[in-house]
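Undergrad: Before I ask anything, let me first share the structure, which is written out below as structure tokens.
Protein chains in written order, with my numbering: chain A, -6 to 107; chain B, 85 to 197.
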């Protein structure tokens, strides 16, 4: 089946640093990838839609300069949290669309900012 | 706008009990409906889906029927197992929305031996 690899699974870093999260589709090409943020005991909130070779489309309220998204190839999208602060601590999940309707999710990245 | 409302958890059941997790939605037109499951420390996995009214999605003993008249997509399982303990998310996808999903808040299920 379709596999999406998300890396790293967990990261702890100091306030002010930038953190890059990778999302790879391992056995299919993903023209569209999605980035979600999950707060404790809350739903997944769509942050942005990433299309290969074009700029990401951000949801209302998501800072483009804070959460940089790059979708450089059909199998890789990256989310960089710039100058991270404790309020950015969260669980970030990516998903990739396989050309049909199905989305395949990565295992998520637990980001903790000290 | 589109929204999904799920029953609040946590839901605690004994093994072999019957499970129902309610899900209702608000959307225009005819969205596709999904149930995803998230096991501890993992990402989401598609459990089942239905794309039109009266469709029944089923997988691993779980079922959900797309009820347009009640705008519902309740998840059911006749006999739960300890391994079913997880968080369950109801979601919808609006046609022509770019394939993004609107999720409910999730319902945590704990099955005890």
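Don't be surprised by glycine CBs; every beta carbon is placed ideally from N, CA and C.
Keep in mind the model is a prediction, meaning the values are calculated, not measured.
1. The beta strand (DSSP E) that contains residue 96 of chain B, what's its start and end?
2. For residue 117 of chain B versus residue 98 of chain A, is the C-beta distance shorter than 8 Å?
3. DSSP state of residue 147 of chain B, grouped into three classes?
4. What does DSSP give as the partner residues of residue 92 of chain B in its beta bridges?
5. With 9 Å as the C-beta to C-beta threshold (strictly closer), list the residues of the region 71 to 95 of chain A near chain B in chain order.
6. What does residue 35 of chain A touch in chain B if you count any residue whose Cβ is under 7 Å from its own?
7. Verify the CB distance criterion: does residue 183 of chain B have a CB-CB separation below 8 Å to chain A?
8. Quick one: Cα of residue -2 of chain A to Cα of residue 167 of chain B, how far?
9. One question on the structure: do residue 102 of chain A and residue 3 of chain A come within less than 8 Å of each other, judged by their Cβ atoms?
10. Give the DSSP-derived three-state secondary structure of residue 80 of chain A in the structure shown.
11. Just to confirm, are residue 85 of chain A and residue 5 of chain A a CB contact at a threshold of 8 Å?
12. Bridge partners for residue 8 of chain A per DSSP, in chain order?
13. Could you tell me whether the Cβ of residue 193 of chain B comes closer than 8 Å to any Cβ of chain A?
14. Beta carbon of residue 12 of chain A, beta carbon of residue 65 of chain A: below 8 Å?
15. Taking residue 43 of chain A as part of the beta strand (DSSP E), name the residues at either end of that continuous run.
16. So, helix, strand or coil for residue 167 of chain B, using DSSP?
17. Expressed to the nearest angstrom, what Euclidean distance is found between the alpha-carbon atoms of residue 9 of chain A and residue 75 of chain A?
18. Which chain A residues are close to residue 116 of chain B, counting only those with a beta carbon under 7 Å from its beta carbon?
19. How many angstroms separate the CA atom of residue 59 of chain A from the CA atom of residue -6 of chain A?
20. Cα separation between residue 101 of chain B and residue 63 of chain A?
21. Thinking residue 160 of chain B and residue 175 of chain B are a contact (beta carbons under 8 Å), I'd like their distance in whole angstroms, please.
TA: Taking the definition as stated:
1. 95 to 98 is the span of the beta strand (DSSP E), which, as asked, contains residue 96 of chain B.
2. Not closer than 8 Å, so no.
3. It is a strand residue.
4. According to DSSP, residue pairing for residue 92 of chain B in a beta bridge does not occur.
5. Cβ contacts with chain B: 86, 87, 88, 90, 94 and 95.
6. By Cβ distance, chain B contributes 189.
7. Yes, residue 183 of chain B counts as interfacial toward chain A.
8. Computed Cα separation, rounded: 24 Å.
9. Taking 8 Å as the Cβ cut-off, residue 102 of chain A and residue 3 of chain A qualify as a contacting pair.
10. Annotated three-state conformation of residue 80 of chain A is helix, per DSSP.
11. Not a contact, by the Cβ cut-off of 8 Å.
12. BP columns for residue 8 of chain A are empty, so no partner.
13. For residue 193 of chain B, no CB of chain A lies under 8 Å from its own CB, so it is not counted at the interface with that chain.
14. No. Outside cutoff.
15. Looking at the DSSP string, the run of the beta strand (DSSP E) that includes residue 43 of chain A is 37 to 44.
16. Three-state DSSP puts residue 167 of chain B in a helix.
17. Residue 75 of chain A has its alpha-carbon roughly 8 Å from the corresponding atom of residue 9 of chain A.
18. Correct list: 94.
19. Rounded to the nearest angstrom, the two C-alpha atoms are 33 Å apart.
20. Going by C-alpha positions, residue 101 of chain B is about 46 Å away from residue 63 of chain A.
21. With a contact defined as Cβ atoms closer than 8 Å, residue 160 of chain B and residue 175 of chain B miss out at about 17 Å.
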